[in-house]
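Visitor: Chains as they are written, first to last, in the UniProt record's numbering: chain U, 1 to 97; chain W, 1 to 97; chain Y, 1 to 97; chain B, 1 to 97; chain P, 1 to 97; chain H, 1 to 97; chain X, 1 to 97.
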Amino acid sequence: MKIQPLGDRVVVKVVEVQEEKTKSGLYVPDTAKEKPQEAEVLAVGPGALNDKGERIPVDLKVGDKVIFSKYGGMEVKVDGEEYLILNAERDILGKLV
Amino acid sequence: MKIQPLGDRVVVKVVEVQEEKTKSGLYVPDTAKEKPQEAEVLAVGPGALNDKGERIPVDLKVGDKVIFSKYGGMEVKVDGEEYLILNAERDILGKLV
Amino acid sequence: MKIQPLGDRVVVKVVEVQEEKTKSGLYVPDTAKEKPQEAEVLAVGPGALNDKGERIPVDLKVGDKVIFSKYGGMEVKVDGEEYLILNAERDILGKLV
Amino acid sequence: MKIQPLGDRVVVKVVEVQEEKTKSGLYVPDTAKEKPQEAEVLAVGPGALNDKGERIPVDLKVGDKVIFSKYGGMEVKVDGEEYLILNAERDILGKLV
Amino acid sequence: MKIQPLGDRVVVKVVEVQEEKTKSGLYVPDTAKEKPQEAEVLAVGPGALNDKGERIPVDLKVGDKVIFSKYGGMEVKVDGEEYLILNAERDILGKLV
Amino acid sequence: MKIQPLGDRVVVKVVEVQEEKTKSGLYVPDTAKEKPQEAEVLAVGPGALNDKGERIPVDLKVGDKVIFSKYGGMEVKVDGEEYLILNAERDILGKLV
Amino acid sequence: MKIQPLGDRVVVKVVEVQEEKTKSGLYVPDTAKEKPQEAEVLAVGPGALNDKGERIPVDLKVGDKVIFSKYGGMEVKVDGEEYLILNAERDILGKLV
Chain U
1 MKIQPLGDRV
11 VVKVVEVQEE
21 KTKSGLYVPD
31 TAKEKPQEAE
41 VLAVGPGALN
51 DKGERIPVDL
61 KVGDKVIFSK
71 YGGMEVKVDG
81 EEYLILNAER
91 DILGKLV
Chain W
1 MKIQPLGDRV
11 VVKVVEVQEE
21 KTKSGLYVPD
31 TAKEKPQEAE
41 VLAVGPGALN
51 DKGERIPVDL
61 KVGDKVIFSK
71 YGGMEVKVDG
81 EEYLILNAER
91 DILGKLV
Chain Y
1 MKIQPLGDRV
11 VVKVVEVQEE
21 KTKSGLYVPD
31 TAKEKPQEAE
41 VLAVGPGALN
51 DKGERIPVDL
61 KVGDKVIFSK
71 YGGMEVKVDG
81 EEYLILNAER
91 DILGKLV
Chain B
1 MKIQPLGDRV
11 VVKVVEVQEE
21 KTKSGLYVPD
31 TAKEKPQEAE
41 VLAVGPGALN
51 DKGERIPVDL
61 KVGDKVIFSK
71 YGGMEVKVDG
81 EEYLILNAER
91 DILGKLV
Chain P
1 MKIQPLGDRV
11 VVKVVEVQEE
21 KTKSGLYVPD
31 TAKEKPQEAE
41 VLAVGPGALN
51 DKGERIPVDL
61 KVGDKVIFSK
71 YGGMEVKVDG
81 EEYLILNAER
91 DILGKLV
Chain H
1 MKIQPLGDRV
11 VVKVVEVQEE
21 KTKSGLYVPD
31 TAKEKPQEAE
41 VLAVGPGALN
51 DKGERIPVDL
61 KVGDKVIFSK
71 YGGMEVKVDG
81 EEYLILNAER
91 DILGKLV
Chain X
1 MKIQPLGDRV
11 VVKVVEVQEE
21 KTKSGLYVPD
31 TAKEKPQEAE
41 VLAVGPGALN
51 DKGERIPVDL
61 KVGDKVIFSK
71 YGGMEVKVDG
81 EEYLILNAER
91 DILGKLV
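#1: Buried or exposed: which applies to Arg90 of chain P, given that a residue is buried once 16 or more other Cβ atoms fall within 10 Å of its Cβ?
#2: Bridge partners for Gly94 of chain Y per DSSP, in chain order?
#3: Assign Val81 of chain H to one of three DSSP states: helix, strand, or coil.
#4: Of all the residues that make up the stretch 36-52 of chain Y, which are near chain W by a beta-carbon distance shorter than 7 angstroms?
#5: Closer than 8 angstroms, CB to CB, is Leu3 of chain P near chain H or not?
#6: Specify whether the stretch 51-59 of chain U and the stretch 46-56 of chain W touch according to this definition: at least 3 beta carbon pairs, one from each stretch, less than 8 angstroms apart.
#7: Within 8 angstroms (strictly less), CB to CB, does Val15 of chain U reach chain W?
#8: Across which residues does DSSP place Val12 of chain Y in a beta bridge pair?
#9: With a threshold of 7 angstroms on Cβ separation, who are the neighbours of Glu86 of chain Y within its own chain once the five nearest residues in sequence on each side are excluded?
#10: Please report how far the alpha carbon of Val66 of chain Y lies from the alpha carbon of Val76 of chain X, in whole angstroms.
#11: Give me the Cβ distance between Pro5 of chain W and Gly94 of chain Y, rounded to the nearest whole Å; I'm assuming they're in contact under 8 angstroms.
#12: Tell me whether Gly80 of chain W is buried or exposed, calling it buried when 16 or more other Cβ atoms sit within 10 Å of its Cβ.
#13: Is there at least one Cβ from chain Y nearer than 8 angstroms to Leu6 of chain B's Cβ?
#14: Quick test of your reading: Ala43 of chain X and Val58 of chain X, contact by CB under 8 angstroms. State the CB separation rounded to the nearest angstrom.
#15: How should Val78 of chain P be labelled, buried or exposed, when 16 other C-beta atoms within 10 angstroms of its C-beta is the threshold for buried?
#16: Nearest-angstrom Cα distance between Glu38 of chain Y and Glu40 of chain W?
#17: Rounded to whole angstroms, what's the CA-CA distance from Glu82 of chain X to Lys2 of chain H? Just pull it up for me.
#18: I need the DSSP call for residue 102 of chain U, collapsed to helix, strand or coil.
#19: Mind checking if Asp59 of chain W is an interface residue toward chain U, Cβ cutoff 8 angstroms exclusive?
#20: In chain Y, which residues lie less than 7 angstroms from Glu89 of chain B when you measure between Cβ atoms?
#21: What residues of chain X sit near Ile56 of chain U, judged by a beta carbon separation below 7 angstroms?
#22: So with CB distances below 7 angstroms, who are the chain P contacts of Val97 of chain H?
#23: Could you check if Glu16 of chain H is buried or exposed, using at least 16 other CB atoms within 10 Å of its CB as the buried criterion?
#24: Skipping 5 residues on each side, what residues in its chain have a beta carbon closer than 6 angstroms to that of residue 103 of chain U?
#25: In angstroms, rounded to a whole number, what distance separates the CA positions of Val97 of chain U and Leu60 of chain W?
#26: Would you report the Cα separation of Gly45 of chain B and Leu84 of chain U, rounded to the nearest angstrom?
#27: Just checking: is the beta-carbon of Leu93 of chain X within a distance shorter than 8 angstroms of some beta-carbon in chain H?
#28: Which partner residues does Pro46 of chain W have in the DSSP bridge list?
#29: So what does Pro36 of chain Y bridge to, in DSSP terms?
#30: Establish whether the CB of Gly80 of chain Y and some CB of chain W are separated by less than 8 angstroms.
#31: Out of curiosity, what's the CA-to-CA distance linking Ala88 of chain W and Ala88 of chain U?
#32: I'd like to know if Ile85 of chain H contacts chain P, where contact means its C-beta is closer than 8 angstroms to some C-beta of that chain.
#33: List the residues of chain W whose Cβ lies closer than 8 angstroms to the Cβ of Val11 of chain U, in chain order.
#34: Using a Cβ-Cβ cut-off of 6 angstroms (strictly less than) and excluding sequence neighbours within five positions of Gly7 of chain H, which residues of its own chain qualify?
#35: Is there a C-beta anywhere in chain W that falls below 8 angstroms from the one on Val76 of chain U?
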């Protein structure tokens, strides 16, 4: 059983990041600012509908590593695994390339 | 007697989920985050009207299993059965496929 | 004397529903959620104006049984009878068919 | 001296309604809900401007009896008479016909 | 030195109104409602820009007597005289004709 | 080093105004209302983008004397001089001509 | 590993500014107002999507020195370096030229 997100939502798996990382890693600093997190994209919605009923494609694909705002999204569990459902436009800040 | 939803609303029947599920099930984790729930679609509205008076079809059909935000929707009872009326775009996060 | 609603407003007569209904009736459950109510449509406005000055017709007709959100609408009395004026798009959730 | 309203505003004269009316009258019930009131239209604005600079005509004319939301509008006095200036779209609920 | 307002703003001079006026005057009643005031238009902006970069002309001219909402506008003093800068669409309710 | 503002922002230099001015000056009265201030335009942005990706030019030029809302803008210092960055449409009320 | 921002976001490196600068520098004054900061642009998103699914290019390029609002943006760390992800339109006030 998998989740097929609607609209411009995406399903991601959060990547656990160790606090003290080596030179090739990313981590979220321990400050007062909002802290984004790293995740991997598992499923991408067909895109939001514009006013003409056309879908505006989401600029992401399965497998993308993304940084997302920790305050967005909803947690779900499928087959014992936890996932997040995010709004692509609002919650995802960038891809790691 | 049935409810035919207006606009982009859908009528769903909430699926009761046992807290400790086997490998093939989904459940909502017990955390501080908003907890979506599972439901089955019973009726789908004709879609929201755009500014030209055209209906934008809802991307759901009767029988779809969906995850929805628990904070959306209104409860109604028809013939002794409880249902929820949800906004497709705002309240439904994804389909289970 | 009758009320001809403007825009996408409709005039409805609230249907009193007994709390403990038989199999063919609808009632609003006694929970903490917002409780919609049943009503019959008596008059329908010409529709809201879009930005071009065109009317977008209301998807309801006189005689329709509807479920509406109890927190919408304004009460008026004409010839000693009480009615509600509702916004079709915002306040009416579905038709009973 | 008269008031020519701008945009989609209208000038109305409030109709005083006796609380206990005969069969052919309208009155506002004494409940906790917002109570609309009856008025007569005295002057109608040229309509709101859309984004192209075109006026969208107001669906009312001088002499119309209307029901309006008591919480809308501003009171003015001209030549010792009190009037209300209302927004047609927002404040006026329906015509009495 | 004069103020040339930008966008759909207008510069007005407030007209002092005696509380107890004769038959040909206007005054603002002493109630709990918002109280509009009388003013004379001294300068009119070129109009607000629409999304295409076109100006939508303001439906007022120098010399117009207007009623405006007392809660709108900003006070300025030029050469020792006090003026108000108002948003035409939002703050001005009607012309006195 | 200079600041080239983005979008419809402008860089201005605030003009210090003496409280008790002679006949040819402007000052902000000492009341409870919001008090606009005088400034000179030093740099003008290319204009805001509309939905088609076109720039809508700002109706101001370098050297213009403007009145702006004191609650808008951000202070910056370049080469030891203080400037304000304002939104043309929102913060600037009029030109002094 | 680098961050490729989505939409109209940009990745910047904050420039540390000494409080007491020489004639050719910029610093943020120590007042009660919001204090913008200086940064260098490292990566630019493809632009926000308009309603037709077209990208509206961001008016910035890699290497630009910008002033941004300190209250915008989110901090991330990649390979031990701290960066900020900003919304171009909302958070960036101007370029230093």
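Even glycine gets a Cβ: it sits at the ideal position worked out from N, Cα and C. Please read all numbers here as calculations on a predicted model, not as lab measurements.
Guide: In short:
#1: exposed
#2: W:Pro5, Y:Ile67
#3: In the sequence on display, residue 81 of chain H carries Glu and not Val. Residue state, collapsed to three classes: strand.
#4: Pro36, Asn50, Asp51
#5: Residue identity check: residue 3 of chain P is Ile in the sequence provided, not Leu. Output row for Ile3 of chain P: interface = yes.
#6: yes
#7: no
#8: Y:Val41, Y:Leu84
#9: It is worth fixing the name first, because residue 86 of chain Y is Leu in this sequence and not Glu. Answer for Leu86 of chain Y: Arg9, Val10, Val12, Phe68, Gly72, Gly73, Ile92, listed in chain order.
#10: 51 angstroms
#11: 4 angstroms
#12: exposed
#13: no
#14: The pair is not a contact, with the Cβ atoms about 11 angstroms apart (cut-off 8 angstroms).
#15: buried
#16: 24 angstroms
#17: 27 angstroms
#18: The requested residue 102 of chain U does not occur in the structure, where chain U is confined to residues 1 to 97.
#19: yes
#20: Gly7
#21: Leu49, Gly53
#22: Lys2, Gln4
#23: exposed
#24: Chain U is shown from 1 up to 97; residue 103 of chain U falls before or after that span and cannot be answered.
#25: 35 angstroms
#26: 52 angstroms
#27: yes
#28: According to DSSP, Pro46 of chain W bridges with nothing at all.
#29: Y:Ser69
#30: no
#31: 18 angstroms
#32: no
#33: Gly94
#34: Gly45, Ala48
#35: yes
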